[in-house]
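Quick note on numbering: the sequence shown equals residues -22 to -1, 1 to 143 in mature numbering (1 follows the signal peptide of the UniProt record, and there is no 0).
Glycine included, C-beta positions come from ideal geometry on N, C-alpha and C.
All of these numbers come straight from a predicted model, not from anything done at the bench.
Have a look at the structure below, then the notes.
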Amino acid sequence: MGKPTMINIVGFLFLFCSVSFANQENDRVIHLPGQPENVNFEHYSGYVTVNETAGRALFYWFIESPSNPESKPLVLWLNGGPGCSSIGYGAAEEIGPFRINSDGKTLYLNPYAWNKLANLLFLESPAGVGFSYSNTTSDIYTGGDNKTAEDNYRFLEGWFNRFPQ
């Protein structure tokens, strides 16, 4: 087998980026129920598998900054507990771009949202919190800081593979 040529290397990188961006596009949120029409930022949500054997996957919601997201820092938001949803509380009640109107059906833009200054990544962790899950029931009862840290690390590896930019 000969040395890889520049064409081979560029071709591999193109293929890798194409697959990554395709996975990214599958997670893009087009429109949330009740979402206002004047949204000027992209947002994505989905699962990253952190343990194939146990069937454990963590759910995320990634919200880009409306202006120059590629130049903005990334904030990883983890609500405490464990047991408190980063999306149900952190995103909806604290720093996220949307607030729920009093009718309980529609949303409005949060004028103080942190995504004005940074890209936001809300992570539901550990498995069993929010939309994150495990297909192995004992995972919910035998968790702990070490398992949560390992899962979060695996999540970040998988997420950065999906969002390499």
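For residue i, the three-state DSSP class (helix, strand or coil)
i, result
"F37", "strand"
"F(-9)", "Here F(-9) scores only 39 on pLDDT, less than 50, and its place in the model should not be relied on; the value that follows carries that caveat. It is helical."
"S110", "coil"
"F19", "coil"
"Y95", "Tyr is not the amino acid found at residue 95; the sequence shown has Leu there. Note: L95 maps to coil in three-state DSSP."
"L134", "helix"
"G66", "helix"
"residue 157", "Here the chain covers residues -22 to 143 and nothing more, so residue 157 does not appear."
"I(-14)", "Confidence in I(-14) is poor, its pLDDT being 39 and thus under 50, which makes the residue's placement unreliable; the coordinate value appears in the next sentence. In this structure, I(-14) counts as helix in the three-state DSSP scheme."
C-beta atoms of residue i and residue j nearer than 8 Å
i, j, result
"F133", "L36", "yes"
"I78", "A70", "yes"
"K50", "L95", "yes"
Assigned exposure category for residue i - 16 Cβ within 10 Å defines buried
i, result
"A127", "exposed"
"L98", "buried"
"P104", "buried"
"S112", "buried"
"G24", "buried"
"N139", "exposed"
"V28", "buried"
Candidates the options: closest to residue i by CA position
i, options, result
"Y86", "G12, G61, V7, G122", "G12"
"N18", "L101, G66, E42", "E42"
"I73", "L10, W55, P51", "W55"
"E3", "N124, K83, G33, H21", "H21"
"T115", "P75, T27, G33", "G33"
"P75", "W39, G122, T27", "W39"
"W137", "L52, N16, T31", "L52"
Does the structure place the region 100 to 115 close enough to the region 60 to 80 that three or more beta carbon pairs sit under 8 Å? yes
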